[in-house]
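Residue numbers (the working numbering): 12 to 166.
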């Protein structure tokens with residue numbers, strides 16, 4: 012699962028924190044050979060300010076307000092580029108979601124409404140070490156999710 016690849020151009024302290032400032036993200040994009048177009052900048056800013064896990068369609072709806080002629084393909088390809096560079100990650104849920112928080116955390120997904128919440132628990136590193144020990148794999152990334160019903164759907 013390559014969707015948790017973290018860009019080589021981010022400092023390790025920034026990767027651990029899960030978020031870096033936009034200027035550093037812009038520089039990382041350029042170092043990977045990509046231009047910073049107004050559309051990419053808007054998408055990056057949206058991803059940065061969005062605390063949730065938007066779908067590509069939700070990102071498209073937001074960007075279309077500023078760029079009415081932008082295509083869904085442009086937005087989706089930009090999200091794929093940002094993922095490739097390591098500035099966002101794609102969550103392989105249905106539908107796919109994107110997030111700019113690339114730090115270690117778990118996800119809790121509602122089986123009814125698909126709401127996703129982040130959950131941070133310190134032993135993630137311990138879990139990874141145990142998985143490596145038991146399987147002899149060298150873990151490069153993790154995608155741990157918990158599934159259930161959110162408080163709103165339980166009402």
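Even for Gly, the Cβ is constructed at its ideal location relative to N, Cα and C. On a predicted model such as this, the values are computed, not experimentally measured, just so you know.
Rounded to a whole number of angstroms, what is the C-alpha to C-alpha distance between residue i and residue j?
i, j, result
"residue 20", "residue 53", "Because residue 20 carries a pLDDT of 36, less than 50, the predicted location of this residue cannot be relied on, and no value is offered for it."
"residue 44", "residue 125", "35 Å"
"residue 112", "residue 100", "8 Å"
"residue 163", "residue 127", "13 Å"
"residue 137", "residue 80", "48 Å"
"residue 153", "residue 33", "25 Å"
"residue 118", "residue 158", "8 Å"
"residue 149", "residue 84", "35 Å"
"residue 110", "residue 145", "30 Å"
Looking at the structure shown, is residue i part of a helix, part of a strand, or coil, going by DSSP?
i, result
"residue 108", "strand"
"residue 45", "coil"
Who does residue i pair with in a DSSP beta bridge?
i, result
"residue 118", "129, 156"
"residue 100", "110"
For residue i versus residue j, is the C-beta spacing smaller than 7 Å?
i, j, result
"residue 123", "residue 160", "yes"
"residue 61", "residue 108", "no"
Please list, in chain order, all residues of the same chain as residue i whose beta carbon is under 6 Å from its beta carbon, the five residues on each side excluded.
i, result
"residue 77", "53"
"residue 51", "89"
Leaving out five residues on either side along the sequence, give the residues of the same chain with a beta carbon under 7 Å from the beta carbon of residue i.
i, result
"residue 18", "Confidence at residue 18 is low in this model, with a pLDDT of 35, below 50, so its placement is unreliable and the value that follows should be read with caution. Within the same chain, residue 18 has close Cβ partners 39, 96, 97, 98."
Flag residue i as yes if its beta-carbon sits less than 7 Å from any beta-carbon of chain C, otherwise no.
i, result
"residue 123", "Among the chains of the structure shown, chain C does not appear; only one protein chain is present."
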